[in-house]
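Asks:
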Amino acid sequence: MKYNIDQKSVTTRFTVGEIKVKNVYLNDENLIIKTNTFNLPKVFDLCLFNYEDKRIIPISFSFDVKENVIINMEEFRVLEEDIKGVWHIGFRSSYKNNVIIEAISLEACYQSPEVIIDLFKYELEGAIYHSGIYISADGDLIYCQLTELLYKIATRQHIKENYVINQMIFEDSYCEFKLEDIEYSLQSIKNVVLTNRKTDERVLLKAQLIDNKIRCYYPPLEFSNGRWDVSLELFPENLFVNGRLSFDSSHDINKSIKYFELDSEDAILVYSTIKKNITLLKGKKYNVFREKNHVKLELINLNKKRNSYKLTIDVSNASNLKIEKVILKLRNKELVKTIEVPEIFTKKINDTRSQVIANFKMDWKEYRPLYWDPMLEVIDQDGINELMRINNTSHKLKMKLDEDYFKWSLFSKDKMLYPYLTFNNNVAFIMREKEKHENMINKLKEIFAYFSFLLTRGKIYKDKSVWLGFEKFSQTAQDNGYAFFNYVDENKLHENFYYIIDSTSPDYKYIKNKNRNVIKFMSFKYFYLIFAANLLISSETKRHAYNIRVRSGKINQTLNNKKSVFLQHGVTGLKKSDVFKKKKGRGNFDLVIATSEHEKDIIRENWNYSNEEIAVTGFSRWDLLEDKSQNRSLKKIFVMPTWRSWIEGMPKSDFKQSDYFSKYYSMLNSEELNFILSKNNLELVFFLHPKFKEYASEFIDNNNGLDNIKIKDFLDIKVNEELMEASLLISDYSSVTWDMYYLNKPVIFFQFDYNKYEEYEGSYIDMDRDLFGDRVENVEELLHELRYYIKNDFNLKPHFSQLRQEYFKYLDHNNSKRIFNEINTRLGLGD
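Be aware that the sequence shown starts at 53, since it is given in the working numbering, and climbs by one per residue.
1. Which complete beta strand (DSSP E) runs does the stretch 639-718 hold, if anything under 3 residues is left out?
2. Name the one or two DSSP bridge partners that MET468 has.
3. Roughly how many whole angstroms lie between the Cα atoms of TYR785 and HIS741?
4. Output the distance between the C-alpha atoms of ILE409 and ARG420, rounded to the nearest integer angstrom.
5. Based on the DSSP secondary-structure assignment, which residues constitute the bridge partners of GLN407?
6. Helix, strand or coil: which one does DSSP assign to VAL479?
7. Pull the bridge partners of MET440 from the DSSP assignment, please.
8. If you pair each beta-carbon of the stretch 573-583 with each one of the stretch 530-547, do three or more pairs fall below 8 Å?
9. Does the distance from the C-beta atom of LEU351 to that of ILE442 stay below 8 Å?
10. Can you name the start and end residues of the beta strand (DSSP E) that ILE168 belongs to?
11. Express the C-alpha separation of LYS265 and MET220 in angstroms, rounding to a whole number.
12. Return the first residue and the last residue of the beta strand (DSSP E) that PRO110 is part of.
13. Applying the 10 Å Cβ sphere with the 16-neighbour rule, what's the burial state of LYS687?
14. Give the DSSP bridge partners of TRP416, in chain order.
15. Check whether chain B comes within 8 Å of CYS161, counting only Cβ atoms and requiring the distance to be less than that.
16. Run through DSSP, which three-state label would GLU350 get?
17. Rounded to whole angstroms, what's the CA-CA distance from LEU725 to ILE436? Just pull it up for me.
18. Provide the residue(s) that pair with LYS377 in DSSP beta bridges, ordered along the chain.
19. Rounding to the nearest angstrom, what Cα-Cα distance links GLN407 and ASN345 in this structure?
20. Could you tell me which whole beta strand (DSSP E) segments of length 3 or greater appear in the stretch 495-566?
21. Taking 8 Å as the cut-off, decide whether the C-beta atoms of VAL322 and GLU285 are in contact.
22. If you count every other CB in all the chains shown that lies within 10 Å of the CB of ASP759, and 16 or more means buried, which is it?
23. Three-state secondary structure (DSSP) at HIS741?
24. Quick check: the stretch 820-836 against the stretch 655-671, are there 3 or more CB pairs under 8 Å?
25. Figure out for me which residue from GLU498, HIS621, GLU777 has the closest Cα to the Cα of ASP456.
26. Quick one: what does DSSP say ILE607 is sitting in, helix, strand or coil?
27. Put HIS210 into one of helix, strand or coil per three-state DSSP.
28. Thinking ARG267 and GLN260 are a contact (beta carbons under 8 Å), I'd like their distance in whole angstroms, please.
29. Please confirm if the stretch 86-102 is in contact with the stretch 176-185, defined as three or more CB-CB distances below 8 Å between the two stretches.
30. Comparing C-alpha positions only, which one of GLY295, LEU332, LYS634 sits nearest to PHE312?
31. Return yes when the Cβ of LEU83 is within less than 8 Å of the Cβ of TYR215, no when it is not.
32. Of the residues LYS459, LEU473, ALA480, which one's Cα is nearest the Cα of ARG492?
33. Per DSSP, TRP280 forms a beta bridge with which residues?
34. I'd like the list of long-range same chain contacts for ILE391, defined as Cβ closer than 7 Å, with 5 residues on each side in sequence excluded.
35. Closest to GLY814 by CA distance: which of ILE309, LYS869, ARG696, ILE262 is it?
36. Can you tell me whether DSSP reads ASN355 as helix, strand or coil?
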C-alpha cells in the first residue's frame, strides 16, 4: 500500500517517533525492510526525514508477498546532490493537522554502526562527499551524504590504534616508512593525516604503497602553524581505523628527525615526543629552530648606562650551538632591518649553559620606528644559521621594567628609545619620536599627583562617580568621545564627567567655553583625576588617555584597572584587529558599543565579548550628522585613506617608494581627474589618517597647478564636517566610510593593495560581496565610477541603498541617549 499525503499538511505540526522492524538487509539492488505489520500505520508513505531542518523527501517503495517493504537502490542514486547531512528513513502518515514521522529502528541491539551499502561519491566546492545507507549504533536506519571523514566515522566502527615504524626516509618531495606490524592489509590504507592539536584541523597527505613501504607526499605550504599529530587512516571492511604513528624503542625521545626551511619566514620540524609519537611542528623559523635544538634563552638582566644598555642573556642547552651575534631586529612585515651589537662577551657556566653579555650603544643614525626585538644569531651542529628571539625574561627584570619607562629611556634631541614588556612578557625596545609633553616637569606633576591622591585617599571625589572622556591621543573633540560627553554635559546628566584634551589642540579653544569640566591634558588636575576616576569613556583604547606607546609605570597600571566603555572609532568590519580583543594582560573593556546586530555578532565572535558586554545603540557622533552637501555651490569630493601597519614609521624617503604613496600621488596629479573636477565645478579634499600625518607634505606639489585639490593636515580639519559637506567619499579600508554611508551618500573603495591588505590585516566582512560601495583597484576604474556618480547627481546605487537596513539598526538621533542608559543599566556607575 502506498499513500501520498496532502502536501499542505507538510507546513503544519510534526510528531516524531519510531517504529521497530525485524530486520533490514540488501538483496541485489533492493533494500528489504522486514516489518511487523501490526505496528504500521494504516495509511502511510515512505520518506527521508532530516531532524535539523524538518525537511521531508518522499521515496518510492513497493511490497513483496510477505508485505515486506522494498526500496530499489535507484531511488537513492537519483537524489540531488544538495541534500547533505544525515537523514532517517521512516514512515510518514497524518492525523488531523499533524504530520507523523516514525523512524525505522531495528529490534536488535547494535554496539557499533553497520554499513548496508556505500552508494556514490561526488565533489562539491573542493570537498569529497560520500553517500550510503547504514544502521546506526542506536539501531536506526539512516541515509547520509557527508564529507569523507564524517561519513567514515558515522558508518564504520571507529578503532584507534598505534603503529610503530623504525625509520623515516626523507626525499625532496616525499618521505617513506615501513610499519613493523599491522593486522590489516596495507591495501586498506587510505591517507596519511596531519591533525592540528589545537584546532583539530586536518591535512590529508597523498599516500602510496610502494614495495611494502608507505610513501606520503609533503603537505602544501599554506597549512597553518602549530603542532600536528601524524596518523594513518585505514578502511578495512566495515571499520574505520585511525593509527597514530610512533617510533620503535631504538629511537631517542624528544629527538629531531628532520628540519625543513620553507621560506624566509617559516620552517617545519618532524620530531618524536616523550611517548615516541611522530609529530610535526610548523611555525616561525626562530621558534622551530629553537625547538630543534632544545634551546632556552632568557634575558636575566638589563642595565641602563648614560647612553647605552647592558644585556645579560642566559643560554641553556647551548653545547651544540656557536653563538655569533646579538642584534636588534625591526618588527616589520615589509622591511628587514637589523642593528648589530658590536660588543659581546660569552661566558661558559657549565657544559650546557652559557651567558652572553652585550653592550648596546644607540647610534641615532640607525633610528627607525617602532618596535625592535633583541635576538641571538647562532649556528647549530648541522651548520644551520638562525636568529633566535630572546623569548624569556627573569622575574626580577620584569619587576624592574614595570617601573616608569622614563627612567629607562635614552634620548636624542627629538627621539627616544626604551625597553618594555610585550603582552607575552618578553622584552623588546621601542624607538619613537618624543612627544612634546614628555618632559621632567610633567613627570614631576604625575609623581606629585600620585602621592597627593594616596595622602588624601581621593576624598575630594569621595562617594562621587568620576567619568573621564577622551579621544585619539587626547588631542581632539570630533569623535564619539566628545559627542557623548557633550550630550551628557548639555543635558546635565552626570555632574562628574570630565573631558581630557590637549590645550594646544585647535578643538580645545572651541570647547573650553562651551562645556563644563574640560580638563587640560598633563595638568595636575588631569593626573589626579586619572587616579580618582571610576570609568573611562572613549572612542579609543585606554592608553590614549595618557600615551599609547607606554606600557609601564603608575599611570599605565591605573588605567588598565579602570572600568571602561568603548564607544568605538568606527564600525568594526573592514579591518581585523587584535588590539580590542578581550584578552588577559590587555586593557579590556566592560562595555562595547555597536551599531547593528550584524556588528554585534562580529564583536562577539572575534573579540571574545559576551552579549551582556555589547550594546547595540549606534554611535554618538551620528546624532550630529546631517547632509550639508546641498548647501554648497562647489560640490566636494572627500578623500581619506587609512594607514597601513607595514608602512607606519617609515622614513619619508622609504615612504615615497611605497605603492601607497605612488597610487595616491598619481591620483592627485592625474590630469584627467583635474579635468573632471574643473569641468563639473568640484573640489577635492585629501586628508591622511592621523598616524600618517608626518607624510602629508610629501603629497604637495607646488607645480602641479591643481587648483581644485586641497591637501589638509591633522588638526586642520574636522572629519565629520568634511563628511557632511561632501557629496562623495573616496577611501580604501577606513571605518569613516560607514559614516558616509550612514548619511546615505556614495563611497568608492580604492583598494589597489587588496591582496596585501588581506594578508597583513584582513577584514571581518567579505569585501568581494559585502561592501556598500564600488570597489576599484586603479585610478582609471576610480575615475570611471566618479563620472557615473557625477552624472547621477551623487545618488547611491539601488543595491547599496537596500543594504543600509542590515548595517544600521537605528537611523534616528537618539544614540547618545541609548548609550547613557546602557552605561547606567549595565555598569551601575551613575551619580
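Where is the CB? At the ideal position from N, CA and C, for every residue including glycine.
Replies: According to the structure shown:
1. Runs of beta strand (DSSP E) with 3 or more residues, each lying fully within the stretch 639-718, are found at 643-646, 666-668, 687-691, listed in chain order.
2. PHE463, ARG484
3. Roughly 11 Å between the two C-alpha positions.
4. 24 Å
5. In the DSSP assignment, GLN407 is bridged to ASP366, LYS399.
6. DSSP places VAL479 within a strand segment (E or B) once states are collapsed to three.
7. LEU428
8. The stretch 573-583, when compared against the stretch 530-547, does not touch it at the 8 Å Cβ threshold.
9. yes
10. 166-176
11. MET220 and LYS265 have their C-alpha atoms some 10 Å from each other.
12. 107-111
13. buried
14. The partner list for TRP416 (beta bridge, DSSP) is empty, contrary to what the question assumes.
15. The structure shown contains no chain B; it is built from a single protein chain.
16. strand
17. 54 Å
18. GLU429
19. 17 Å
20. Secondary structure within the stretch 495-566: the beta strand (DSSP E) runs of 3 or more consecutive residues, fully enclosed, are 519-522, 549-553 (chain order).
21. No, the Cβ-Cβ distance between VAL322 and GLU285 is not below 8 Å.
22. ASP759 should be labelled exposed.
23. Note: HIS741 maps to coil in three-state DSSP.
24. Here the stretch 820-836 does not lie against the stretch 655-671, with fewer than 3 beta-carbon pairs under 8 Å apart.
25. Per the C-alpha coordinates, the member of GLU498, HIS621, GLU777 positioned closest to ASP456 is GLU498.
26. helix
27. Judged by DSSP in its simplified three-state form, HIS210 adopts strand.
28. 5 Å
29. no
30. Minimum Cα distance to PHE312 is reached at LEU332.
31. TYR215 places its beta carbon 8 Å or farther from that of LEU83.
32. Note on residue identity: the sequence assigns Met, not Arg, to residue 492. Here the closest residue by C-alpha is LYS459.
33. TRP280 pairs with ASN248, LEU332.
34. ILE379, LEU380, GLU418
35. Among ILE309, LYS869, ARG696, ILE262, the Cα nearest to that of GLY814 belongs to ARG696.
36. DSSP places ASN355 in strand when its eight states are reduced to three.
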